[in-house]
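*Asks:*
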Amino acid sequence: MISQDKVPIVSPLAPAAIGPYSQAIKCADFIFCSGQLPVDPKTGEVVGTDIETQTERVLKNLQGVLEAAGSGLFQIVKTTVYLKNMDDFPKMNEVYAKYFPVLPPARATVEVSRLPKNVLVEIECIAHMPKIVESPQAKPF
983 MISQDKVPIV SPLAPAAIGP YSQAIKCADF IFCSGQLPVD PKTGEVVGTD
1033 IETQTERVLK NLQGVLEAAG SGLFQIVKTT VYLKNMDDFP KMNEVYAKYF
1083 PVLPPARATV EVSRLPKNVL VEIECIAHMP KIVESPQAKP F
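Each residue of the sequence shown is one higher than the one before, starting from 983 at the first, in the numbering used here.
(1) Only counting the same chain, and skipping five residues up and downstream in sequence, which positions put a Cβ closer than 6 Å to that of PRO1190?
(2) For GLY1030, which three-state DSSP category applies?
(3) Measuring CB atoms only, is the stretch 987–998 touching the stretch 1044–1051, in the sense that at least three cross pairs come out at less than 8 Å?
(4) So, are the CB atoms of GLY1046 and LEU995 less than 8 Å apart?
(5) Report the rounded CA-to-CA distance for VAL1115 versus ASP987, giving the unit in angstroms.
(6) Are three or more beta carbon pairs between the stretch 1088–1097 and the stretch 1025–1041 nearer than 8 Å?
(7) Note down the Cα distance separating ILE1105 from LYS1066, rounded to an integer number of angstroms.
(8) For the putative contact between ASP1011 and PRO1112, defined by C-beta atoms under 8 Å, what is the C-beta separation to the nearest angstrom?
(9) May I ask which residues mark the beginning and end of the alpha helix (DSSP H) holding PHE1056?
(10) Between the Cα of LYS1080 and the Cα atoms of LEU1102, LEU1041, PRO1002 and CYS1015, which residue gives the shortest distance?
(11) With distances taken Cα to Cα, identify the nearest neighbour of PHE1056 among ASP1070, THR1091, TYR1003 and ILE1013.
Right, dumping it as structure tokens:
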């Protein structure tokens, strides 16, 4: 039985899951996005060989997943960045900063020995998506 509080998010604007996981799950007021790789959602191929191009594709993929949930990058409250080489941090950071020019989310960056498809970067995130509350109608005097 699937919990009604746990809703899977599927987006054609990001690569399909390649294993037993969801692109994202919406639960209560939060969206939990699985790590995105620099993979073109149409071709399934890795995009670019440099950290800048790969970071750009990863953030576009995250944006696609969040848009499918009715949200966007501006709602992200936390990211985790996985880098194959911490020497790529400054260049990754330049691209990342373009996507979060104001109120950037909390973030952790971790160097890992290897990533799927031998890519250079993977990013996962948590976004807050508060319920829209309609204001009560003003009553005439």
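All C-beta atoms in this analysis are idealised placements derived from N, C-alpha and C, irrespective of residue type, glycine included.
*Replies:* Reading it off the structure:
(1) The chain is shown from 983 up to 1123; residue 1190 falls before or after that span and cannot be answered.
(2) Position 48 of the sequence shown holds residue 1030. Looking at GLY1030 - three-state DSSP - the assignment turns out to be coil, as it is neither helix nor strand.
(3) yes
(4) For the purposes of this step, residue 1046 is identified with residue 64 of the sequence shown, where counting begins at 1. For the purposes of this step, residue 995 is identified with residue 13 of the sequence shown, where counting begins at 1. It is a contact, given that the beta carbons lie within the stated cut-off.
(5) Along the sequence shown, read from residue 1 onward, the residue named residue 1115 stands at position 133. Along the sequence shown, read from residue 1 onward, the residue named residue 987 stands at position 5. Caution is warranted here: a pLDDT of 47 is assigned to VAL1115, below 50, making its placement in the model unreliable, and no coordinate value can be reported.
(6) no
(7) If you number the sequence shown from 1, residue 1105 lands on position 123. If you number the sequence shown from 1, residue 1066 lands on position 84. Each residue's alpha carbon lies about 12 Å from the other.
(8) Here the question's residue 1011 lines up with position 29 in the sequence shown. Here the question's residue 1112 lines up with position 130 in the sequence shown. With 8 Å as the limit, ASP1011 and PRO1112 qualify as a contact, their Cβ atoms being about 5 Å apart.
(9) In the sequence shown, counting from the first residue as 1, residue 1056 sits at position 74. Element bounds for PHE1056: n/a, residue is neither H nor E.
(10) Sequence index remark: in the sequence shown, residue 1080 carries index 98 (1-based). Among LEU1102, LEU1041, PRO1002 and CYS1015, the Cα nearest to that of LYS1080 is on LEU1041.
(11) Translated into the one-based positions of the sequence shown, residue 1056 becomes position 74. Nearest C-alpha to PHE1056: ILE1013.
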